[in-house]
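Asks: Okay, here's the structure, questions in a sec.
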Amino acid sequence: MELVIFALAALGAVAGGVGIIASRSPVRSALSLLLVLGCLAALSLLLAAQFIAALQIIIYAGAIVILFLFVVMLLHARSGETAPNRLGWLTPAGIVLGGLLLAGLLGTVWARDGGGVASVGAEFGTAEAVGQMLFTTFMLPFEAASVLLLVGIIAAVIIGRPEPASPTATGTPRRGVEARKR
Amino acid sequence: MLLALIIAFPLAGWLILGVVGGRLPRRVIGILASGTVALAFVASVAASRHPAVSAGGLTAPLFSWIAAGALTVPAGLLMDRLSSLMALVVTGVGFLIHVYSIGYMADDRSYARYFAYLNLFIASMLLLVLGSNLLVLFVGWELVGLCSYLLIGFWFDRERAAQAGRKAFVVNRIGDAGFLLGILLLATSTGTLELGRIGSLASQMAPGVLTAVTLLLFVGATGKSAQLPLYVWLPDAMEGPTPVSALIHAATMVTAGVYMIARLHPLFLAAPLTLSVVAGVGAATAFFAATVALVQWDLKRVLAYSTISQLGYMFVAMGVVAMPAGMFHLTTHAFFKALLFLAAGSVMHAMGGVIDMRQLGGLAGAMRWTAFGFVIGALALAGIPPFAGFFSKDLILEAAFTSAQHGGSWLVWVAGLATAFVTAVYVTRAAILTFLPPAAHHGHPHEAPPTMRWPMAALAVLSVGGGALGAQAVGAPLLHSLDRFFATAPATESAPAVLLTMIPVAIGALGMVMGVFLYRGRREVTLGAVGRFFERQWYVERVYDAAILAPARALAQFCADVIETRGIDGAVNGVAALVVRAGGTLRRAQTGFVRSYAAAILAGTIVVLGYWLLR
Amino acid sequence: MTVPIGAYLALGALLFVLGIAGVLLRRSALIVFMSIELMLNAVNLTFVAFARQLGRLEGQVAVFFVLVVAAVEVVVGLAIIIAIFRTRATVDLDDVDLLRG
Chain H
34 MELVIFALAA
44 LGAVAGGVGI
54 IASRSPVRSA
64 LSLLLVLGCL
74 AALSLLLAAQ
84 FIAALQIIIY
94 AGAIVILFLF
104 VVMLLHARSG
114 ETAPNRLGWL
124 TPAGIVLGGL
134 LLAGLLGTVW
144 ARDGGGVASV
154 GAEFGTAEAV
164 GQMLFTTFML
174 PFEAASVLLL
184 VGIIAAVIIG
194 RPEPASPTAT
204 GTPRRGVEAR
214 KR
Chain X
49 MLLALIIAFP
59 LAGWLILGVV
69 GGRLPRRVIG
79 ILASGTVALA
89 FVASVAASRH
99 PAVSAGGLTA
109 PLFSWIAAGA
119 LTVPAGLLMD
129 RLSSLMALVV
139 TGVGFLIHVY
149 SIGYMADDRS
159 YARYFAYLNL
169 FIASMLLLVL
179 GSNLLVLFVG
189 WELVGLCSYL
199 LIGFWFDRER
209 AAQAGRKAFV
219 VNRIGDAGFL
229 LGILLLATST
239 GTLELGRIGS
249 LASQMAPGVL
259 TAVTLLLFVG
269 ATGKSAQLPL
279 YVWLPDAMEG
289 PTPVSALIHA
299 ATMVTAGVYM
309 IARLHPLFLA
319 APLTLSVVAG
329 VGAATAFFAA
339 TVALVQWDLK
349 RVLAYSTISQ
359 LGYMFVAMGV
369 VAMPAGMFHL
379 TTHAFFKALL
389 FLAAGSVMHA
399 MGGVIDMRQL
409 GGLAGAMRWT
419 AFGFVIGALA
429 LAGIPPFAGF
439 FSKDLILEAA
449 FTSAQHGGSW
459 LVWVAGLATA
469 FVTAVYVTRA
479 AILTFLPPAA
489 HHGHPHEAPP
499 TMRWPMAALA
509 VLSVGGGALG
519 AQAVGAPLLH
529 SLDRFFATAP
539 ATESAPAVLL
549 TMIPVAIGAL
559 GMVMGVFLYR
569 GRREVTLGAV
579 GRFFERQWYV
589 ERVYDAAILA
599 PARALAQFCA
609 DVIETRGIDG
619 AVNGVAALVV
629 RAGGTLRRAQ
639 TGFVRSYAAA
649 ILAGTIVVLG
659 YWLLR
Chain D
5 MTVPIGAYLA
15 LGALLFVLGI
25 AGVLLRRSAL
35 IVFMSIELML
45 NAVNLTFVAF
55 ARQLGRLEGQ
65 VAVFFVLVVA
75 AVEVVVGLAI
85 IIAIFRTRAT
95 VDLDDVDLLR
105 G
């Protein structure tokens, strides 16, 4: 039973991953990302991480992917890959490098696998257990994370504001620099 | 405590004048500056009456200055018979010249600055004289050099004065470098610089080292005391105000070299080679400077060369181991040469700054005090009894004679006699050209104000009576005191003393007669080719120009044209060009494409991962 | 436990490399961004797997923090993409090369 679930979820995750990077339309990519996230949530459940699985669904699927879709809509779904690729060498290089990395990682997993799996109780990975740890041992990083979120909100507001319509705004001189360099 | 007070008074005067002097009324400035020096004089008198002064020395430790490894140098003051004499001369003559300056500088713009420098000089000179070890002495030595520089260039808006100040400073640096080397060598070879312990150290040192130390110290003395070959700065120093010439460049600072040798006499006594060098340089300088003085037209320059010449006498005294006589001559010279300079200053004051003797003459009528003072100074300089210079110069010549009898060089004695003759001639010439008619000017000279007259009168009295300090007839109190300090045999006991005394006196008198004969009626005698030779300073300066200045200029030119432009600029430009080229090459790596950066990150990750896996 | 931990790790590695391929090969800023999210999730999976293997919750806590950082990153990153689009009318990463030397 577990094996079947794993196989299905893993297959879904890989298919979603390929979908993200291979699809022409950003909307399809976003939906593929949603598929990956769902599958990973299922895998998390298999690994006794109920709380993480819930977070995965709520935050990633519920918030982040929606944000992606929102931006895609805002930008009229233009992928922008219209000009000819100026980094032609990157395709073979990326494939070779990615292959190397995959080989290294898989080799490591292959070589180092074999450790036993610890037996855990029923409360392992529940929201209560993770929360207990967050609010005791990781209290300070937790608070720091909240500050980070606040900073992120402020940054997004600042960046997202429409630019002031002054001639010294960043846009004009940038183009000037660019023109001169070319 | 008393010793520190001696220095503290003029130092306080300097501080006050330097900080708020510009806002004080002139009257207050003059009184303040003279008053501090007078107080220092009183304190010196009081300190010199302390019984410890005659019994080895009164000391006043101040603080521990240097404590580095084996070398410890406490800063302290020391007053013994030698330094008490010097302190009295410095503060006494210094006070008179301060008073004189009140009148002389009355119309100057920088009144407060002048007196601030002068007070600083007195304080520095006292530090030099009273320092209890060589390093403190050296600090004073450098400080008086600084004051000398500041005061020579006092009228710094005059090109010549500024250049003269620089020249004095640079030439003194040469001597001071030797002096400092000597001090360092002494410190490394003995481990102490305390003046109180120098005496016992001479026997411990290797003869070669001792000779090197004393010769290096003597190099310092030739710089400060304007002896051959470093005399060149003193004539130019006459660009400063005349009271400064009297105080610094005649009476006190330039005698520092003599004082230093007297101070360290145990070392010099143990180095016979150095002693003969000192005597030789002294004699050569004495004769050389006297001949140059003979053909100068600038009255102050005559006196400047005369000072160099008389300092040569003092070094002769040191060289022939007649330290008491040398110090005695130092004292009397301070009196009569200061008097001569003050008289010259009075002439300048009256004539609106004219000092060329060809444009003077006939001043005796209008300036009786000044003329009288100058004549007394001239007689003392010429060594005519009973004026002060006679006693001291005579003692030195006697000592030179005795030294020659005991294996020294007769040349020293002969040079001394020849110098005495030339001295008498040139001082007579100066007196005649300046004061006797016919006048070569159409001005209306006026006698100096009282503040200038009275210091001259006091110095005139000292120039007449100062000889009594060393006259055997009245017991020679100063000589006795110094004899005990230097532990030398009392001089002038030998049989031919009377005859020996007659020779210089006769020569001096002959010189004066000769001078009167030569320059009667203010004739401008040039002495022909010999005169030109003298006037060009025996071509010493020209040799310096050719041997030192020209190569130095060429070297500087080489540095500027080749080393600077090709070497240093080339290196700078080369480095810059290298950076530019390297940047031009490396900038291609910065494609600006995020994806290529990401690829680079990935490659780096793989390398690190590979390292960890294959380790 | 019939599925070995190694299988989860291998899956994580595969997803990670897929994400890298997306970053390297795609030029659309949005898709590159999604690929980065994919890589983060691959790492998350690895964390959870190790947490399970070791029986310790620290791995899951780490995933929590990764989630927080990812959220912030998406917010700021998307804001930047919108700002770029507003000034240059493109989301092609190769058109944004002002840092070119």
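Chains as they are written, first to last, in the working numbering: chain H, 34 to 215; chain X, 49 to 663; chain D, 5 to 105.
Ideal placement from N, C-alpha and C gives every residue a C-beta, glycine not left out.
It should be emphasised that the depicted structure is a prediction, and the values quoted were computed from it without experimental measurement.
(1) Kindly give me the distance between the Cβ atoms of G63 of chain D and F69 of chain D, rounded to whole angstroms, as I take these residues to be in contact under 8 Å.
(2) Alpha carbon to alpha carbon, how far is I85 of chain H from G26 of chain D? Give it in angstroms, no decimals.
(3) Pull up the CB-CB distance for L194 of chain X and A88 of chain X, whole angstroms please, since I reckon it's below 8 Å.
(4) Roughly how many whole angstroms lie between the Cα atoms of L15 of chain D and I187 of chain H?
(5) For R157 of chain X, does the count of other Cβ atoms within 10 angstroms reach 16, so buried, or fall short, so exposed?
(6) Just the Cα atoms here: how many angstroms apart are I480 of chain X and G425 of chain X?
(7) Look at the alpha carbon of Q252 of chain X and the alpha carbon of L229 of chain X, and state the distance between them as a whole number of angstroms.
(8) Do P122 of chain X and P109 of chain X have their C-beta atoms within less than 7 Å of each other?
(9) In angstroms, rounded to a whole number, what distance separates the CA positions of V113 of chain D and T50 of chain D?
(10) Near Q605 of chain X, which residues of its chain fall below 8 Å by C-beta distance, leaving aside the five closest residues on each side in sequence?
(11) To the nearest angstrom, how far is the alpha carbon of T540 of chain X from that of A447 of chain X?
(12) Kindly confirm or deny that the segment 415-424 of chain X and the segment 503-510 of chain X touch, where touching means at least three C-beta pairs closer than 8 Å.
(13) Please report how far the alpha carbon of S542 of chain X lies from the alpha carbon of A463 of chain X, in whole angstroms.
(14) Whose C-alpha, out of X:A472, X:V261 and X:D205, is nearest the C-alpha of L321 of chain X?
(15) Answer yes if the segment 136-145 of chain X comes into contact with the segment 72-92 of chain X, meaning at least three C-beta pairs across the two stretches below 8 Å, and no otherwise.
(16) Which residues does DSSP pair with M127 of chain X in a beta bridge?
(17) Between which residues of its own chain and F472 of chain X is the CB-CB distance below 6 Å, once the five residues before and five after are set aside?
(18) DSSP state of F204 of chain X, grouped into three classes?
(19) Which runs of the beta strand (DSSP E), 3 residues or longer, sit entirely within the segment 50-88 of chain H?
(20) In the DSSP output, what is T120 of chain X paired with across the bridge?
(21) For F143 of chain X and R501 of chain X, I'd like the C-alpha separation in whole angstroms.
(22) Can you tell me which residues form a DSSP beta bridge with E242 of chain X?
(23) In terms of DSSP beta bridges, what is D224 of chain X paired with?
(24) DSSP on S440 of chain X, reduced to helix/strand/coil?
(25) Could you compute how far the alpha carbon of V627 of chain X sits from the alpha carbon of V620 of chain X?
(26) Using a cut-off of 8 Å between C-beta atoms, extract the partners of S182 of chain H located in chain X.
(27) Expressed to the nearest angstrom, what Euclidean distance is found between the alpha-carbon atoms of F175 of chain H and V67 of chain D?
(28) Check D101 of chain D in the structure and name its three-state DSSP category.
(29) Which runs of the alpha helix (DSSP H) at least 4 residues long sit entirely within the segment 265-343 of chain X? Give them in chain order.
(30) With distances taken between CB atoms, is the gap from T339 of chain X to V460 of chain X smaller than 7 Å?
(31) For D156 of chain X, does the three-state DSSP call read helix, strand or coil?
(32) Looking at the structure shown, is S32 of chain D part of a helix, part of a strand, or coil, going by DSSP?
(33) With a threshold of 7 Å between beta carbons, is V642 of chain X in contact with chain D?
(34) Should the segment 377-392 of chain X be called in touch with the segment 325-335 of chain X, which here means at least 3 C-beta pairs below 8 Å?
(35) Note down, in chain order, each residue of its chain lying with its Cβ closer than 7 Å to the Cβ of M153 of chain X, except the 5 sequence neighbours on either side.
(36) Identify every residue that forms a DSSP beta bridge with D346 of chain X.
Replies: Let's see:
(1) Start at 1 with the first residue of the third sequence, and residue 63 of chain D comes out as number 59. Start at 1 with the first residue of the third sequence, and residue 69 of chain D comes out as number 65. That pair is no contact at about 11 Å.
(2) The residue you call residue 26 of chain D lines up with position 22 of the third sequence. The residue you call residue 85 of chain H lines up with position 52 of the first sequence. C-alpha separation (whole angstroms): 25 Å.
(3) Looking up residue 194 of chain X in the second sequence gives position 146. Looking up residue 88 of chain X in the second sequence gives position 40. Not confirmed; about 19 Å, so no contact.
(4) Reading the third sequence from its first residue, position 11 is the one you call residue 15 of chain D. Reading the first sequence from its first residue, position 154 is the one you call residue 187 of chain H. Roughly 36 Å separates the two Cα atoms.
(5) What you label residue 157 of chain X is simply residue 109 of the second sequence in a count that begins at 1. Per the 10 Å Cβ criterion, exposed.
(6) Stepping through the second sequence from its first residue, residue 480 of chain X is reached at position 432. Stepping through the second sequence from its first residue, residue 425 of chain X is reached at position 377. Spanning the two alpha carbons is a distance of roughly 14 Å.
(7) Counted from its first residue, the second sequence places residue 252 of chain X at position 204. Counted from its first residue, the second sequence places residue 229 of chain X at position 181. Their Cα atoms are separated by approximately 19 Å.
(8) Locating residue 122 of chain X in the second sequence gives position 74, where the first residue counts as 1. Locating residue 109 of chain X in the second sequence gives position 61, where the first residue counts as 1. The answer is yes: Cβ separation under 7 Å.
(9) Residue 113 of chain D lies beyond the residue range present for chain D, which begins at 5 and ends at 105; the question has no answer from this structure.
(10) Counted from its first residue, the second sequence places residue 605 of chain X at position 557. Around Q605 of chain X: no qualifying Cβ.
(11) To locate residue 540 of chain X, count along the second sequence from 1; it is residue 492. To locate residue 447 of chain X, count along the second sequence from 1; it is residue 399. With a pLDDT of 49 at T540 of chain X, under the threshold of 50, the modelled position of that residue is not reliable, and no figure is offered here.
(12) yes
(13) Along the second sequence, read from residue 1 onward, the residue named residue 542 of chain X stands at position 494. Along the second sequence, read from residue 1 onward, the residue named residue 463 of chain X stands at position 415. Unreliable positioning characterises S542 of chain X in this predicted model, as indicated by a pLDDT of 48, which lies under 50. A coordinate reading is not provided.
(14) What you label residue 321 of chain X is simply residue 273 of the second sequence in a count that begins at 1. Nearest C-alpha to L321 of chain X: X:V261.
(15) yes
(16) Position 79 of the second sequence holds residue 127 of chain X. The partner list for M127 of chain X (beta bridge, DSSP) reads X:L106.
(17) Your numbering for residue 472 of chain X matches position 424 in the second sequence. A small correction: the amino acid at residue 472 of chain X is Ala; Phe does not occupy that position in the sequence shown. Counting only Cβ-Cβ distances below 6 Å, and skipping sequence neighbours, we find A430, G556, G559 and M560.
(18) Along the second sequence, read from residue 1 onward, the residue named residue 204 of chain X stands at position 156. If DSSP states are grouped into helix, strand and coil, F204 of chain X belongs with coil.
(19) none
(20) For this step, residue 120 of chain X is matched to residue 72 along the second sequence. Answer is X:A115, bridged to T120 of chain X.
(21) The residue given as residue 143 of chain X occupies position 95 in the second sequence. The residue given as residue 501 of chain X occupies position 453 in the second sequence. Going from the Cα of F143 of chain X to the Cα of R501 of chain X covers about 14 Å.
(22) If you number the second sequence from 1, residue 242 of chain X lands on position 194. Answer is X:N181.
(23) Along the second sequence, one-based indexing puts residue 224 of chain X at 176. Its beta-bridge partners do not exist; DSSP assigns none.
(24) Position 392 of the second sequence, counted from the first residue, corresponds to residue 440 of chain X. In the structure shown, S440 of chain X sits in a helix (DSSP, three-state: H, G or I).
(25) What you label residue 627 of chain X is simply residue 579 of the second sequence in a count that begins at 1. What you label residue 620 of chain X is simply residue 572 of the second sequence in a count that begins at 1. If I take the Cα positions, the gap works out to 11 Å.
(26) Position 149 of the first sequence, counted from the first residue, corresponds to residue 182 of chain H. In the sequence under discussion, the amino acid at residue 182 of chain H is Leu, which differs from the Ser named in the question. Under the 8 Å cutoff, chain X gives no residues; its nearest Cβ is about 25 Å from L182 of chain H.
(27) Numbered from its first residue, the first sequence carries residue 175 of chain H at position 142. Numbered from its first residue, the third sequence carries residue 67 of chain D at position 63. In a straight line, the C-alpha of F175 of chain H is about 12 Å away from that of V67 of chain D.
(28) Taking the first residue of the third sequence as 1, we reach residue 101 of chain D at position 97. D101 of chain D falls in the coil class under three-state DSSP.
(29) 281-284, 290-294, 304-311, 313-317 and 320-341
(30) As a position in the second sequence, residue 339 of chain X is number 291, starting the count at 1. As a position in the second sequence, residue 460 of chain X is number 412, starting the count at 1. The answer is no: Cβ separation not under 7 Å.
(31) The count along the second sequence starts at 1 and reaches residue 156 of chain X at position 108. If DSSP states are grouped into helix, strand and coil, D156 of chain X belongs with coil.
(32) Here residue 32 of chain D refers to the residue found at position 28 of the third sequence. Of the three classes helix, strand and coil, the one that applies to S32 of chain D here is strand, per DSSP.
(33) In the second sequence, the residue the question calls residue 642 of chain X occupies position 594. Judged by the 7 Å Cβ criterion, V642 of chain X is in contact with chain D.
(34) no
(35) Within the second sequence, the letter at position 105 stands for residue 153 of chain X. Correct list, in chain order: Y159, Y162 and P289.
(36) Here residue 346 of chain X is taken as the residue at index 298 of the second sequence, counted from 1. Paired residues: X:D404.
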